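Enquirer: Before I ask anything, here is the structure I am working with.
Numbering (this note's numbering), first residue to last: 18 to 272.
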């Protein structure tokens, strides 16, 4: 998608940045001389990468002009490129390729990940983190509401359905790499504002393909149905905090 909005995405920046810190802790990028942040967004992941690899020459890549503009304002000394991940090609081998919560939007992982490994230097690392939450209530409800309303035809085929398991990624990458580490973690993000906060969270990610197809009235009706489903699926505590379980899959593949 090319219409990502930096402001909406960064409403929950602290929660969205925690997984990339965990990923980079495992990837040990401190010796990297060159690094690329694929799907850099507003540069929260790029900034984290610089914390872990302060001496690396870093490039950020994203297909959203709004995200790239925000990234340049945040880190004016870093080079950022407007490009699609699927078509992007490095100019020379790099020591680290970081893809934090971006590859789930790119198809054909069986071709994409080997291509990315091929861009690494000897001993270089591919570090990937992706949401693995399509079976969680928040995502299941997106699909159910999409198929049960007057917008059914508009939203046909919009949902993201590809599910790749840890075993699949390991089998794909092991023949190409000296070492592959794959794991899954479920974060429980406390969001102040109840189910409305859950909606705001996913307006910056999973809901975007659905809402982009709807007009203003349809959007309001869709979100009203979605909100009712969330109220039945999630507990809201007395202080108006909703706890959002969020499974994520992590990969660190060393060439």
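Ideal placement from N, C-alpha and C gives every residue a C-beta, glycine not left out.
Since this is a predicted model, take the numbers as computed values, not measurements.
1. Candidates 225, 263, 126: which alpha carbon is nearest residue 145's?
2. Residues in its own chain within less than 8 Å of residue 272 by CB, not counting five upstream and five downstream?
3. Would you mind stating whether residue 50 and residue 149 have Cβ atoms separated by less than 8 Å?
4. To the nearest angstrom, how far is it from the Cα of residue 84 to the Cα of residue 222?
5. Just checking residue 211 against the ligand MN - is the residue's beta carbon closer than 7 Å to any of the ligand's heavy atoms?
6. Answer yes or no: do residue 199 and residue 183 have a C-beta to C-beta separation smaller than 8 Å?
7. Any idea which residues DSSP pairs residue 270 with across the strands?
8. Considering only the beta carbon of each residue, do residue 68 and residue 62 sit closer than 8 Å?
9. Using a Cβ distance threshold of 8 Å, determine whether the region 159-176 contacts the region 215-233, with at least three qualifying pairs required.
10. Check each candidate in 210, 99, 243, 236 and name the one with the smallest Cα separation from residue 253.
11. Taking Cβ to Cβ, would you say residue 103 is nearer than 8 Å to residue 97?
12. Could you say which of 189, 204, 187 lies nearest to residue 31 if we only look at CA atoms?
13. Got a sec, what are the start and stop residues for the beta strand (DSSP E) residue 77 sits in?
14. So, with DSSP's three-state summary, where would you put residue 45?
15. How many Å lie between residue 56 and residue 47 at the Cα?
16. Please list, in chain order, all residues of the same chain as residue 189 whose beta carbon is under 8 Å from its beta carbon, the five residues on each side excluded.
17. So what does DSSP say about residue 262, is it helix, strand or coil?
Expert: Inspection of the coordinates gives the following:
1. Closest option to residue 145, Cα to Cα, is 126.
2. 134, 137, 138, 139, 140, 141, 142, 143, 193, 194, 195.
3. Not a contact, by the Cβ cut-off of 8 Å.
4. So the alpha carbons of these two residues sit roughly 13 Å apart.
5. Annotation note on the ligand MN: not contained in the displayed structure, which lists no ligands.
6. Less than 8 Å divides the Cβ of residue 199 from the Cβ of residue 183.
7. Within the DSSP bridge table, the entry for residue 270 names 143, 197 as partners.
8. No.
9. Taking a contact to require three or more Cβ pairs closer than 8 Å, the region 159-176 and the region 215-233 qualify as touching.
10. 210 is the residue among 210, 99, 243, 236 whose C-alpha sits nearest the C-alpha of residue 253.
11. Contact flag unset, no.
12. Closest option to residue 31, Cα to Cα, is 204.
13. Where residue 77 is concerned, the enclosing beta strand (DSSP E) stretches over 74-79.
14. Reduced to three states, the DSSP call for residue 45 is coil.
15. So the two alpha carbons sit approximately 21 Å from each other.
16. Excluding positions up to five away in sequence, the list reads 126, 127, 130, 131.
17. In the structure shown, residue 262 sits in a strand (DSSP, three-state: E or B).
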